[in-house]
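For the sequence shown, this note's numbering assigns the number 46 to the initial residue and increments by one for each residue that follows. Cβ coordinates follow ideal geometry from the N, Cα and C atoms, glycine included. Here the structure is a predicted model, which means the values were calculated and not measured. Comments concern the structure below.
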Amino acid sequence: MRKLILFTLLLLPAAAMAEQKCEHSQARNLQLDLAGVKAVVFDVGPHDLRIDAAKGAKGSLQGRACASDAEGLARLTLTQQKSGDKLVVSLRREGERSGIFFGNHYAYLNISGSVPDNIPVQLKVGSGDAIISGAASLSADVGSGDVQARRIRGQFTAAVGSGDIDAVDIGALHVLSVGSGDVTVKQVRGTSKIGSIGSGDLALGNTQGRLDIGSIGSGDAEVRDIGGSVAVDSIGSGDFAAEGVRGDLVVRSTGSGSVHHSGVTGRVDLPAKR
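Here it is in structure tokens:
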């Protein structure tokens, strides 16, 4: 779960061992065809991607393919294809096997690049890692990988399986679901909405708008310095903690879980203890 920290500092692939082993390598570059495009979709899979959105950027990618043998290297591709008004960019290993490691072999892509800062970015991340900064808006569908988001001007929409999300400085937040992964978000300039939390954890702090949470299962949610009211529909066996809420705190139903709160400026409405 914490490999994102290492990836953030060093831009390593998902497995440090794979980075250390690169018997066969080759450059992978791509100039993006953005004519008529209203959004760019990056299908990352098990690979690693870093994108910096900037004003006036033409849109380009560069990096390297790395594999344990020449055959595996040849199967690593970086491609683009238009689908309606979207440009789909795929980081892929062609063939039946998926992932970075298969037996004693390995193959991965480590790609970085830029896009214009007025085009929304969409991510599909399997077990890989992605870092995105400066985008107009961002959506991320994350499996077991990690996503880091910085300086997203508009809304950040995400669904997380067992992976991790770390986001700082975003316009608004909408997390559709969290499975067993972890979501950490700081500095939200607008409203925040969380659909469901399974066994994973949510840490949210320093927001300027209200916060709505649908359900918390066996996971935990901790929120601090919320610039509006907080409402939670249901809590199962997990724990919920709120500190510094500039508005009301409403929890509609609880199971065996607990609710802790402090610094709520408005009314506090909690279910009666059983």
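query = Do residue 250 and residue 268 come within 8 Å of each other at the CB atom, strictly closer than that value?
reply = In contact: residue 268 and residue 250 (Cβ atoms closer than 8 Å).
query = Taking the alpha helix (DSSP H) that residue 140 falls in, what are its first and last residues?
reply = Careful: residue 140 lies outside any alpha helix (DSSP H) and carries neither H nor E.
ask   = Thinking C-beta only, is residue 157 closer than 8 Å to residue 91?
value = Residue 91 is not a Cβ neighbour of residue 157, given a cutoff of 8 Å.
task = Measure the CB-CB distance between residue 152 and residue 128 and report whether it falls below 8 Å.
result = no
ask   = For residue 77, does the three-state DSSP call read helix, strand or coil?
value = Residue 77 sits in coil when the DSSP states are folded into three classes, being neither helix nor strand.
ask   = What first and last residue would you give for the alpha helix (DSSP H) that runs through residue 180?
value = For residue 180, no alpha helix (DSSP H) segment is defined, and its DSSP state is neither H nor E.
ask   = Can you tell me where the alpha helix (DSSP H) with residue 116 in it begins and where it stops?
value = 115-119
ask   = When the distance is taken between beta carbons, is residue 216 closer than 8 Å to residue 197?
value = In this structure, residue 216 lies closer than 8 Å to residue 197 by Cβ.
key: Contact check, residue 136 vs residue 88, beta carbons under 8 Å   = Judged by beta-carbon spacing, residue 88 lies within the 8 Å limit of residue 136, meaning their Cβ atoms are closer than that value.
task = Could you tell me which uninterrupted beta strand (DSSP E) segments, each at least 3 residues in length, are contained entirely in the stretch 182-240, listed from first to last along the chain?
result = 183-187, 191-205, 209-223, 227-233
task = Take residue 229 and list the residues in its own chain whose beta-carbon comes closer than 6 Å to its own, dropping the five residues that flank it on each side.
result = 211, 248
ask   = Grouping DSSP H, G and I as helix and E and B as strand, with all else coil, what is residue 68?
value = coil
key: Nearest to residue 311 (by Cα), restricted to the options 80, 272, 233   = When C-alpha distances from residue 311 are compared across 80, 272, 233, the shortest belongs to 272.
task = Below 8 Å on the Cβ atoms is my guess for residue 233 versus residue 254; work out the distance and round it to an integer in Å.
result = Rounded, the Cβ-Cβ distance is 7 Å, consistent with contact.
request  = Within its chain, find whatever has a CB closer than 6 Å to the CB of residue 259; leave out the 5 residues flanking it on each side and keep chain order.
outcome  = 240, 241, 278
ask   = Which residues mark the beginning and the end of the beta strand (DSSP E) in which residue 284 is found?
value = 284-290
DSSP bridge partner residues for residue 250 (one or two, in chain order) = 231, 269
inquiry  = Contact between the stretch 179-187 and the stretch 103-112 is defined here as three or more beta-carbon pairs at a separation below 8 Å; is this criterion met?
reply    = no
ask   = Can you tell me the Cα-Cα spacing of residue 184 and residue 298, whole angstroms?
value = Going by the C-alpha atoms only, they are around 30 Å apart.
request  = Return the CA-CA distance between residue 226 and residue 276, expressed in angstroms with no decimal places.
outcome  = 22 Å
ask   = How big is the Cα-Cα spacing for residue 208 and residue 252?
value = 23 Å
query = Which residues does DSSP pair with residue 102 in a beta bridge?
reply = Answer is none; residue 102 lacks a bridge partner.
Contacts around residue 256, its chain only, beta-carbon distance under 8 Å, and the 5 residues preceding and following it disregarded = Close CB contacts of residue 256 within its chain, under the 8 Å cut and outside five residues either way in sequence, are with 236, 237, 238, 239, 249, 268, 271, 273, 274, 275, 276 (chain order).
query = Considering residue 306, what are the terminal residues of the beta strand (DSSP E) in which it resides?
reply = Looking at the DSSP string, the run of the beta strand (DSSP E) that includes residue 306 is 303-309.
query = When you compare only the Cα positions, how much space is there between residue 141 and residue 71?
reply = For residue 141, the predicted model reports a pLDDT of 49, less than 50, meaning its position is unreliable; a value from the coordinates is still stated below. Whole-angstrom Cα-Cα distance: 21 Å.
query = Is the Cβ-Cβ distance between residue 199 and residue 187 less than 8 Å?
reply = no
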